[in-house]
Structure formats: C-alpha cells, structure tokens
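Asks: Below you will find the structure I want to go over with you.
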Amino acid sequence: MYSPKWSKVKKQLKSFTCDSLKNRIDFHIINYRKAHDQLGRAVITVDKKEILSMCTIIAEREMIRKEWDIRKEQNVEYDIYDHKHNLEMGIQAHELIKDVGILAQYDFFDAVEEYLSSPIDTSIKSTDIIIKVLSLMDRRVGKRTLKKLSESIETEHECIRYFLKLRCDADGIRFS
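According to the numbering used here, the sequence shown is numbered sequentially starting from 63.
And the structure:
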C-alpha cells in the first residue's frame with residue numbers, strides 16, 4: 063500500500079499542474095476494500111471524464127495472461143519451486159503490459175513517487191507513460207519544450223499524445 067497520505071500527494075500533484083489545466087485535471091484513487099489486497103484504481107480525469115484508468119485487477123489479469131504467453135512461446139513449464147525464474151517471467155510480463163498502457167494502481171504510485179523526486183528535465187524524457195503524462199501537465203514545462211515534443215509525437219503512446227495535444231490546446235500552442 064502507498065505510504066504517504068494520498069490527500070497530501072494529490073495536493074502536491076495539483077500544485078505542479080499548469081494554470082491552463084488546473085481546473086480541468088483531477089486525480090482519483092479508488093480502493094476496493096473487499097479486494098484481497100485492497101487495491102483498486104488510480105484515475106486521471108479531464109473535465110470530469112476518465113482519460114487514464116489504472117486498474118490493478120485488469121493489470122494483474124493481463125500480466126498473468128502475458129506470463130503464460132511468454133512461457134508458451136519459450137516452451138517453459140511452470141515450476142512452483144523455481145522462484146527466481148518465476149519472478150523473472152513476472153517482471154518481463156509486467157514490463158510488456160506497461161509498454162502497451164495496461165497499468166495498475168501501484169504503477170501510478172511508483173510513477174508519482176519517481177516524478178515528485180526527479181527534476182522535470184528527467185521526468186519529461188522518461189519512458190514511463192504515467193511520468194510522461196504528469197510531466198506534460200507540469201507548469202515547469204514551457205512552450206518551447208512542448209513544441210519540441212510535438213515534433214516527435216507520432217512515436218509516443220496514444221495517452222501521451224492525448225495529453226500533449228490537450229496541453230498545447232490549453233496553452234494556445236499550434237500542434238503539428
């Protein structure tokens with residue numbers, strides 16, 4: 063579970079949000095108390111509409127499927143006693159689902175922690191979808207940086223493209 067108080071972290075995230083998006087963007091944590099781990103979803107909304115939903119249950123399900131796909135491709139049987147190999151497979155599956163944008167609540171917490179402890183120059187270059195999205199909404203990112211990012215937008219994940227376009231539109235930057 064996430065250790066700092068969510069209300070404090072949310073306030074910190076909102077303080078970094080640029081003025082043009084401050085009243086449009088919101089962050090929510092929805093925990094399912096009856097779930098075995100009591101984790102649920104992390105959600106980023108724009109104009110009260112869910113844009114990025116990071117559901118632990120969906121991510122865990124997809125990670126298990128991806129791990130079994132990897133085992134099938136590599137013709138590797140599951141061995142309950144081979145903890146090291148099982149962990150490696152799990153990590154590989156987790157990275158693959160993250161790359162396609164299937165994220166869990168704990169991915170959001172990890173990304174927020176890294177984002178808040180890193181300089182904005184590092185965060186804006188991150189390969190992590192969540193960190194990049196948070197950086198695009200950051201008031202410390204200027205118009206020149208946004209213009210440079212919009213030039214290479216086609217290679218980015220669709221969620222990153224959405225938030226870059228949103229920020230550029232909000233700040234009156236012509237989007238290429």
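C-beta: ideal position from N, C-alpha, C; glycine also.
Because the structure is a prediction, the values reported are computed rather than measured.
Let me make sure I understand the geometry here. Which of Gln74, Leu149, Val71 has the alpha-carbon closest to that of Ile132?
Replies: Along the sequence shown, read from residue 1 onward, the residue named residue 132 stands at position 70. Taking only the C-alpha atoms, the option nearest Ile132 is Leu149.
Asks: Given a threshold of 16 other Cβ atoms within 10 Å of its Cβ, counted over all protein chains shown, does Gly102 qualify as buried or as exposed?
Replies: Position 40 of the sequence shown, counted from the first residue, corresponds to residue 102. Classification of Gly102: buried, given that the 10 Å Cβ count is 16 or more.
Asks: The alpha helix (DSSP H) with His156 in it runs from where to where?
Replies: Indexing the sequence shown from 1 puts residue 156 at position 94. Its alpha helix (DSSP H) spans residues 145-161.
Asks: Are the CB atoms of Ile215 and Lys194 nearer to each other than 7 Å?
Replies: By one-based count along the sequence shown, residue 215 stands at place 153. By one-based count along the sequence shown, residue 194 stands at place 132. Not in contact: Ile215 and Lys194 (Cβ atoms no closer than 7 Å).
Asks: Taking three-plus beta-carbon pairs below 8 Å as touching, is the region 159-172 in contact with the region 116-132?
Replies: yes
Asks: Is Asp169 buried or exposed, if buried means 16 or more other CB atoms sit within 10 Å of its CB?
Replies: Numbered from its first residue, the sequence shown carries residue 169 at position 107. Label assigned to Asp169: buried.
Asks: Using DSSP bridges, identify the partner residues of Asp200.
Replies: By 1-based counting over the sequence shown, the position of residue 200 is 138. DSSP lists Thr79 as partners of Asp200.
Asks: Looking only at its chain, what residues have a beta carbon closer than 6 Å to the beta carbon of Asp190, apart from the 5 residues adjacent to it on each side?
Replies: The residue labelled residue 190 in the question sits at position 128 within the sequence shown. So the list reads Ala173, once near-sequence residues are dropped.
Asks: State the Cα-Cα distance for the pair Met63 and Glu175, rounded to the nearest angstrom.
Replies: On the sequence shown, position 1 is the one that residue 63 refers to. On the sequence shown, position 113 is the one that residue 175 refers to. Confidence at Met63 is low in this model, with a pLDDT of 43, below 50, so the placement of that residue should be treated as unreliable; the coordinate-derived value is given next. Cα to Cα, the separation comes out at about 13 Å.
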